[in-house]
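Following: one structure in structure tokens, then a few remarks.
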Amino acid sequence: MTTVPEHGYTRQVKVKPNYETIAWQWMRYSAVLLIPLVWFHVLLQDVIVGVHRIDLDYVQLRWATLGWRVYDVLLLGFTFAHGMNGLRQVLNDYIHNEKPRRVVAWVLLLGWAVITAIGGIAIIAGVRK
Amino acid sequence: MSAFKTTLTGYARYRGREGQISFLLHRITGLGVLLFLTIHILDTATVYFFPSLYAHAIDIYRTTLFGVGEMGLIFCVIFHGVNGLRIAFADWFPNMKLWRITTERKSVLFTLAISVVLWLPTVGVMGFNILKHNYGLFGG
Numbered sequence: 001m002t003t004v005p006e007h008g009y010t011r012q013v014k015v016k017p018n019y020e021t022i023a024w025q026w027m028r029y030s031a032v033l034l035i036p037l038v039w040f041h042v043l044l045q046d047v048i049v050g051v052h053r054i055d056l057d058y059v060q061l062r063w064a065t066l067g068w069r070v071y072d073v074l075l076l077g078f079t080f081a082h083g084m085n086g087l088r089q090v091l092n093d094y095i096h097n098e099k100p101r102r103v104v105a106w107v108l109l110l111g112w113a114v115i116t117a118i119g120g121i122a123i124i125a126g127v128r129k
Numbered sequence: 001m002s003a004f005k006t007t008l009t010g011y012a013r014y015r016g017r018e019g020q021i022s023f024l025l026h027r028i029t030g031l032g033v034l035l036f037l038t039i040h041i042l043d044t045a046t047v048y049f050f051p052s053l054y055a056h057a058i059d060i061y062r063t064t065l066f067g068v069g070e071m072g073l074i075f076c077v078i079f080h081g082v083n084g085l086r087i088a089f090a091d092w093f094p095n096m097k098l099w100r101i102t103t104e105r106k107s108v109l110f111t112l113a114i115s116v117v118l119w120l121p122t123v124g125v126m127g128f129n130i131l132k133h134n135y136g137l138f139g140g
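Those protein sequences? They're chains H and S, same order as listed. For the first sequence, the positions run 1 to 129 when my numbering is used. For the second sequence, the positions run 1 to 140 when my numbering is used.
Structure follows, in structure tokens:
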């Protein structure tokens, strides 16, 4: 950890990384990845193509290319995990006891796993007609 | 619940100016995007689980009300990204002293300006699409 006091010098402090440190670092790593991934997805689907031209055939055509499926799996994996962990961080600002925090964390983890599985199955199995 | 009330009144009363506004916007835009994302994963998953429902979901997306909401969503996505970059930059380059209060105030306003500039063209295109497809303008 680096701290910069007002008088200018830098001090290195060794802190053993715990679970929250790693979660925090992954928030930042995923954020850097999400900027190109999400912005391009929104630009393409909402602005360039537009919702009026999107239907089952469009999704089928898009997922006929393996690269787009990989892209969508990455989107699903990184955005939703970033969002759910973000929600956990926000809720921890308002919940101050260890026990309810743990309950919230487990509920969010479960919700994340179920919805990610639903989305993941759809991307892998593809459009059913 | 009282902690939540204290938080809300604290947000309203505390005068942290640009830094506080930026914190609140980051939080609200993040939660907003997460809400939409949850719905979006589930409605897209209907292409496999209930394909006949997908057209119905898309019909809702095509309404004017949802379209305007989507413009707001795009602002959330842009602002959350640009502001996240600002925060990461301030951490990565401590020599630039971006966490100093005067520099921070300027960089928050700069972040808002960039977000609006990136957002306006998308509003133009999406607004054009809504007017074209929902109101028959521009030969739609």
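The C-beta atom is built at its ideal place from N, Cα and C for all residues, glycine as well.
query, result
"Rounded separation between ALA90/S and VAL59/H - CA only", "40 Å"
"The ligand COA heavy atom lying under 6 Å from the CB of ILE124/H", "With respect to small molecules bound, the structure shown includes none, and the ligand COA cannot be examined in it."
"Residue-level contact to chain H via CB, HIS133/S, 7 Å cutoff", "yes"
"Whole-Å CB distance - LEU87/H paired with LEU110/H, under 8 Å assumed", "Actually they do not touch by this definition, with Cβ atoms about 13 Å apart."
"Whether ALA45/S touches ILE118/H by CB criterion (7 Å)", "yes"
"Length of the line joining the Cα atoms of VAL73/H and ALA64/H", "14 Å"
"Check whether VAL47/H and THR122/S have beta carbons under 7 Å apart", "yes"
"Proximity below 7 Å, CB of ASN83/S to CB of THR102/S", "no"
"For GLY124/S and LYS132/S, believed in contact at Cβ under 8 Å, the rounded distance", "Between GLY124/S and LYS132/S the Cβ distance is about 12 Å, and since that is not below 8 Å, they are no contact."
"The alpha helix (DSSP H) enclosing MET27/S, as first and last residue numbers", "Checking the sequence, you will find Arg at residue 27/S rather than Met. Where ARG27/S is concerned, the enclosing alpha helix (DSSP H) stretches over 17-49."
"Interface residues of the region 109-129 of chain H facing chain S [CB-CB below 7 Å]", "ILE115, ILE118, GLY119, ILE121, ALA122, ALA125, GLY126, VAL127, ARG128 and LYS129"
"Close beta carbons around ARG17/S, own chain, < 8 Å, minus the five adjacent residues each side", "ARG105"
"Beta-carbon spacing of VAL47/S, ALA122/H below 7 Å", "yes"
"TRP119/S vs PHE66/S beta-carbon contact at 7 Å", "no"
"Cβ-based neighbour list, HIS26/S, same chain, cut-off 7 Å, excluding 5 preceding and 5 following", "HIS80 and ASN83"
"Under 7 Å between C-beta atoms of LEU37/S and GLY83/H", "yes"
"DSSP-derived helix/strand/coil call for ARG100/S", "coil"
"Inter-residue spacing [alpha-carbon to alpha-carbon] between TYR19/H and GLN25/H", "10 Å"
"Three-way DSSP call (helix, strand, coil) for LYS151/S in this model", "Outside the shown range of chain S (1 to 140) lies residue 151/S, about which nothing can therefore be said."
"Against chain H: residues of the region 111-124 of chain S by CB proximity under 7 Å", "THR122"
"Exposure of ILE39/S, with buried meaning 16 or more beta-carbon neighbours within 10 Å", "exposed"
"Contact list for the region 34-64 of chain H against chain S, Cβ threshold 7 Å", "ILE35, VAL38, TRP39, VAL42, ASP46, VAL47, GLY50, VAL51, HIS52, ILE54, ASP55, LEU56 and VAL59"
"Neighbourhood of LEU24/S by C-beta, 8 Å cutoff - its chain only, sequence neighbours within 5 removed", "TYR11"
"Where the alpha helix (DSSP H) containing ASP93/H begins and where it ends", "66-94"
"Inter-residue Cα distance where the pair is VAL90/H and ASN95/S", "29 Å"
"Burial state of ILE21/S (16 or more Cβ within 10 Å)", "exposed"
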